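Residue numbers 0 to 610, in numbering that gives the first Met the number 0, belong to the letters of the sequence shown in order. Where is the CB? At the ideal position from N, CA and C, for every residue including glycine. Quick caveat: nothing in here was measured; it's all calculated off a predicted structure. The structure appears below as structure tokens.
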Amino acid sequence: MNFPAGFLGNNAAAKVFSSLRRRGISIRHIAFTFGLSVALLTLYFNFFRLTGYSFSADAMHYPPETPEVWADRSLQVRDAFLHAYHGYERFAFPNDELRPLSNASINNFNGWAVTAVDSLDTMIMMDLKQEYNRAMIAVHNTNFSLPTNTRVPFFETVIRQLGGLLSAYALTNNDILRTRADELGTILAPAFKTASGFPKFSVNTVRGTSDGPMVGGLAEIASYQMEYAYLGKITGKKEHVDRATAATRNFYSAELREHGGMYPMLWNLSSGQARDSHLSVGAASDSAHEYILKQYLMTAQKDKANLEMYLRFTSHVFNNLMYISPNRHLLYITDSKLYRTGNRPTHDFEHLSCFFPGLLALGAHTLPLDNLEEVGLNFTALADDLLPKQKMGYEELASFNLTDLHLWAAEGLAQTCYLTYADQPTGLGPDIVTMLSGGVRPEIPWMDAMREWRTSGRRGPPPGVEDKHPWVGDSTPRNGREREMAFAMRDYYVKNADYQLRPETVESLYILYRVTGDVKWRHRGWAIFQAIEREAKTPSGYANIDKVDTYNPQQLDVMPSFFLAETLKYLYLLFQEEDPVPLDKWVFNTEAHPFPVFEWTEKEKEEYGVP
Ligand code: DMJ
Numbered sequence: 000m001n002f003p004a005g006f007l008g009n010n011a012a013a014k015v016f017s018s019l020r021r022r023g024i025s026i027r028h029i030a031f032t033f034g035l036s037v038a039l040l041t042l043y044f045n046f047f048r049l050t051g052y053s054f055s056a057d058a059m060h061y062p063p064e065t066p067e068v069w070a071d072r073s074l075q076v077r078d079a080f081l082h083a084y085h086g087y088e089r090f091a092f093p094n095d096e097l098r099p100l101s102n103a104s105i106n107n108f109n110g111w112a113v114t115a116v117d118s119l120d121t122m123i124m125m126d127l128k129q130e131y132n133r134a135m136i137a138v139h140n141t142n143f144s145l146p147t148n149t150r151v152p153f154f155e156t157v158i159r160q161l162g163g164l165l166s167a168y169a170l171t172n173n174d175i176l177r178t179r180a181d182e183l184g185t186i187l188a189p190a191f192k193t194a195s196g197f198p199k200f201s202v203n204t205v206r207g208t209s210d211g212p213m214v215g216g217l218a219e220i221a222s223y224q225m226e227y228a229y230l231g232k233i234t235g236k237k238e239h240v241d242r243a244t245a246a247t248r249n250f251y252s253a254e255l256r257e258h259g260g261m262y263p264m265l266w267n268l269s270s271g272q273a274r275d276s277h278l279s280v281g282a283a284s285d286s287a288h289e290y291i292l293k294q295y296l297m298t299a300q301k302d303k304a305n306l307e308m309y310l311r312f313t314s315h316v317f318n319n320l321m322y323i324s325p326n327r328h329l330l331y332i333t334d335s336k337l338y339r340t341g342n343r344p345t346h347d348f349e350h351l352s353c354f355f356p357g358l359l360a361l362g363a364h365t366l367p368l369d370n371l372e373e374v375g376l377n378f379t380a381l382a383d384d385l386l387p388k389q390k391m392g393y394e395e396l397a398s399f400n401l402t403d404l405h406l407w408a409a410e411g412l413a414q415t416c417y418l419t420y421a422d423q424p425t426g427l428g429p430d431i432v433t434m435l436s437g438g439v440r441p442e443i444p445w446m447d448a449m450r451e452w453r454t455s456g457r458r459g460p461p462p463g464v465e466d467k468h469p470w471v472g473d474s475t476p477r478n479g480r481e482r483e484m485a486f487a488m489r490d491y492y493v494k495n496a497d498y499q500l501r502p503e504t505v506e507s508l509y510i511l512y513r514v515t516g517d518v519k520w521r522h523r524g525w526a527i528f529q530a531i532e533r534e535a536k537t538p539s540g541y542a543n544i545d546k547v548d549t550y551n552p553q554q555l556d557v558m559p560s561f562f563l564a565e566t567l568k569y570l571y572l573l574f575q576e577e578d579p580v581p582l583d584k585w586v587f588n589t590e591a592h593p594f595p596v597f598e599w600t601e602k603e604k605e606e607y608g609v610p
């Protein structure tokens, strides 16, 4: 075909077309290719519009922001803290929490100003002297034995109130904080009057009795060792230390063969033995696992029992509870429950489990995982009293460098936690998602994928670790077809769509940034902070969100104290250039209260019987 005169426009274009003609490419070919491309692009964009999904460029090539930019971002988090705390002070102090929509207050704990006490160490780190001094009025005025409340929940009071007092003491040496911590630790002590020494659910502070069932949830019965050990250290009181060591003793001697060395969810408070076989690092189990490593780190890595227990339960998790999703290859951690056919994974992935990548990164950073002989441990021998199948699992793990393996797991899981935020129209993360499982292309156990990756020549990053793009869209399935669609696009559907201002994801982002120095973790935290500002801010504070997976979510009248104690603290620390509480010198309790790493003196070791 001849091109019409003038069509080619200029000499360059004429040359191009004549060279194409020489290669046998006519204008018909070009028109056909053009038409096909337009059709395919239209189909592509309509598909995503109809399904409600859009491809969102996760800034994988993150801009190299200057230190000043990060300093400014940490100041913006400080402003957010001030906004929330001033609202609490104005409308709720000295009650427990603010209701951020109605500006009412609530005493949902003990009426001991839990938001103020939970916030003390954040104020110290942010250099908020005036707020700190005003909050200390509550510390001076609190009398724990006044009959304001007769049923004090042990776990929540320990992690928030006792933890808050202790870390503020550690950062200031102010004696009134130690005195109040000692009073509180003592008044809660009736909880420990069980045959095993595991605490009961609550304490009657007036009668000096404890209350609750003789079967306790794992997190509630074993997340106090750090608080009581540090309390024993700073008061010199053996009874506090004895309470702390009971948990380690019980766990170390528990019969766990059929649970693969992991700690099930329910425990008998008389016998000190497990009562069921539900294995999870999420709700009702989470912080007990956290304290096994952290108790070891806080007491300067001397208590080998805790190290062994940490290695056992993480090995069980790696071999049994971690999967790669079928399409997006997301790495996730789930729980396993007893069904009629035996223990099986639920494939639920909880926001509460998102502390776990941070814990793994902390372990990889602080422990000699690739040279355990250095601390007198033979890794595979830890499985000697487990079933043969589990022993084989340990051998598989040992064929990798354990430091690498733990860090890869941390990175892959933290990325999935972040993506459950970035995938939503609100940019905030749902409380629980259910991952796609059991289909024609099923999920793959992570260690199987790791084996395959290794045998095929370790091409590219390990499974689940490579950077991924978010898929933004309305994902609440209203019918079977939409559920399939959500599954297919994201590899999960949103099971509990609320955002509760929880800290776990930003906690892990903070630890991963400190451990790897990779700026992507900071950028991801910044995206989450911006979403909090956009969606959760109210005139007097910040509010929980009902449905993160819609374009018009509602705010709820709740602002938990852990939003100030944990979420904003971790974000602030993530953006700070210098970490005021470096990970090798401080250990955070489960409510983000930092305690210093310390060693027992020879005299204390002898007197308390501690390693
Ligand atoms: C916090 O109170 C603590 O981190 C606890 O261990 C688990 N849940 C909340 C926040 O989600």
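Between Ser-201 and Gly-211, the CB-CB gap stays under 9 angstroms.
By the criterion of a C-beta distance shorter than 8 angstroms, Gln-529 is surrounded in its chain by Gly-426, once the five residues flanking it on both sides are discounted. Val-138 and Arg-179 have their alpha carbons spaced roughly 7 angstroms apart. Every beta strand (DSSP E) of 3 residues or more that sits fully in the region 213–253 is shown, in chain order, as 214–216. Assignment of beta-bridge partners to Ser-104 by DSSP yields Leu-97. Val-493 and Ser-276 have their alpha carbons spaced roughly 26 angstroms apart. Burial is judged here by how many other beta carbons sit within 10 angstroms of a residue's own beta carbon; Glu-289 has at least 16 and is buried.
The region 324–338 and the region 398–414 touch, with three or more beta-carbon pairs separated by less than 8 angstroms.
C-alpha of Tyr-491 to C-alpha of Val-432: approximately 6 angstroms in a straight line. Remark: C-beta atoms of Glu-442 and Tyr-498 do not approach each other more closely than 9 angstroms. For Glu-590, the shortest separation between its Cβ and any heavy atom of the ligand DMJ lies below 8 angstroms.
Distance from Leu-183 to Phe-143 at the Cβ level is roughly 6 angstroms; contact confirmed, criterion being Cβ atoms closer than 8 angstroms. Within a 10 Å sphere around the beta-carbon of Pro-460 sit fewer than 16 other beta-carbons, which makes this residue exposed. The beta-carbon separation of Pro-444 and Trp-452, rounded to 13 angstroms, does not stay under the 8 angstroms limit for a contact.
Contact between Glu-506 and Glu-565 holds: their C-beta atoms lie close to 7 angstroms from each other, under 8 angstroms. By the Cβ test, the region 576–589 is not in contact with the region 517–526, since fewer than three Cβ pairs between them sit closer than 8 angstroms.
At the C-beta level, Asp-120 and His-592 come within 9 angstroms of one another.
The beta carbon of Asn-106 is closer than 7 angstroms to those of Asn-94, Asp-95 in its chain, skipping five residues each way along the sequence. Counting C-beta pairs closer than 8 angstroms gives three or more between the region 158–177 and the region 111–119, which meets the contact rule. Between Met-308 and Phe-348, the gap from beta carbon to beta carbon reaches 9 angstroms or more.
One Cα belongs to Arg-256, the other to Ala-273, and the distance between them is close to 11 angstroms.
A direct Cα-to-Cα measurement between Ala-112 and Thr-415 gives close to 35 angstroms. In this structure, the beta-carbon distance from Pro-344 to Ser-335 falls below 9 angstroms.
In terms of Cα proximity to Ala-287, the closest of Ala-218, Val-609, Ala-304, Phe-354 is Ala-218. The beta carbons of Arg-242 and Tyr-262 sit about 19 angstroms from each other, so the pair does not count as a contact at 8 angstroms. Taking Gly-281 as the centre and dropping the five residues before and after it, the same chain places the C-beta of Asp-334, Glu-349, Leu-351, Ser-352 closer than 7 angstroms to its C-beta, in chain order.
Rounded to the nearest angstrom, the gap between the Cα atoms of Leu-368 and Gly-110 is 44 angstroms. Every alpha helix (DSSP H) of 4 residues or more that sits fully in the region 277–317 is shown, in chain order, as 285–297.
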